[in-house]
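K.L.:
Quick note: the sequence shown uses this note's numbering, first residue 130, plus one each step. Just so it is clear, CB atoms sit at the ideal spot from N, CA and C, and this is done for glycine as well.
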Amino acid sequence: VQLQAFGGGWVQTGGSLRLSCTNSGSIFSADVMGWDRQAPGKQREMVATIDYYGTTNVADSVKGRFTISRDNAKNTDYLQMNNVKPEDTAVYYCRYSIFSRHFWGQGTQVTVSS
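Right, dumping it as structure tokens:
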């Protein structure tokens, strides 16, 4: 498993940003891809996950604003972030989970200015 994340950056409050994460290794029908984030001084938290078949789980704090999707043919998942808020500022980490093992890519910084 080797994960590479793209798409972080700076965005104004209310704006949109899309993150993507590509797994250069193999994927399996039992896997789950997703995103965690960690803000300064806070614990890392789950943002959203999606399994191989497209079943999603989204944190309450971003529900209705963030959408996760994936393209299995490209071994890639996407986090569409709409109507972002300053509290969404964090380092976002893509995660790949399979058989109770978790792998994280390098983080990508998302900064939302008010």
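How long is the line joining the alpha carbons of M162 and A177, rounded to whole angstroms?
P.N.:
Sequence index remark: in the sequence shown, residue 162 carries index 33 (1-based). Sequence index remark: in the sequence shown, residue 177 carries index 48 (1-based). Using only the alpha carbons, I get a separation of about 9 Å.
K.L.:
Using the three-state DSSP reduction, which class does D217 fall into: helix, strand or coil?
P.N.:
Within the sequence shown, the letter at position 88 stands for residue 217. Helix.
K.L.:
For V140, collect the residues of the same chain with a Cβ closer than 6 Å to its Cβ; drop the 5 residues on either side in sequence, then sort them by chain order.
P.N.:
In the sequence shown, residue 140 corresponds to position 11, counting from 1. Cβ neighbours of V140 beyond the five flanking positions: L146, V213, V241.
K.L.:
Taking 8 Å as the threshold, find out whether the stretch 221–240 comes into contact with the stretch 147–167 through three or more Cβ pairs.
P.N.:
Output reads yes: the stretch 147–167 touches the stretch 221–240.
K.L.:
If you drop the 5 nearest sequence neighbours on each side, which residues of the same chain put their C-beta closer than 8 Å to that of V191?
P.N.:
Taking the sequence shown and counting its residues from 1, one reaches residue 191 at position 62. V176, A177, M210, D217, listed in sequence order.
K.L.:
How many Å lie between D180 and S229 at the Cα?
P.N.:
As a position in the sequence shown, residue 180 is number 51, starting the count at 1. As a position in the sequence shown, residue 229 is number 100, starting the count at 1. Distance between the alpha carbons of D180 and S229: 13 Å.
K.L.:
Relative to the C-alpha of F157, which candidate in R194, Y182, D189, W233 has its C-alpha closest?
P.N.:
For the purposes of this step, residue 157 is identified with residue 28 of the sequence shown, where counting begins at 1. F157 has its Cα closest to that of Y182, out of R194, Y182, D189, W233.
K.L.:
With burial defined as no fewer than 16 other Cβ atoms inside 10 Å of the residue's Cβ, what is the status of D206: buried or exposed?
P.N.:
Position 77 of the sequence shown, counted from the first residue, corresponds to residue 206. When all chains shown are included, D206 counts as buried.
K.L.:
Helix, strand or coil: which one does DSSP assign to A202?
P.N.:
Within the sequence shown, numbered from 1, the residue matching residue 202 stands at position 73. A202 falls in the helix class under three-state DSSP.
K.L.:
Using the Cα positions of L148 and G170, report the straight-line distance between them to the nearest angstrom.
P.N.:
The residue given as residue 148 occupies position 19 in the sequence shown. The residue given as residue 170 occupies position 41 in the sequence shown. Cα to Cα, the separation comes out at about 23 Å.
K.L.:
From E174, F195, Q172, G154, pick the residue whose C-alpha is nearest to that of G143; which is it?
P.N.:
Start at 1 with the first residue of the sequence shown, and residue 143 comes out as number 14. The option with the nearest alpha carbon to G143 is F195.
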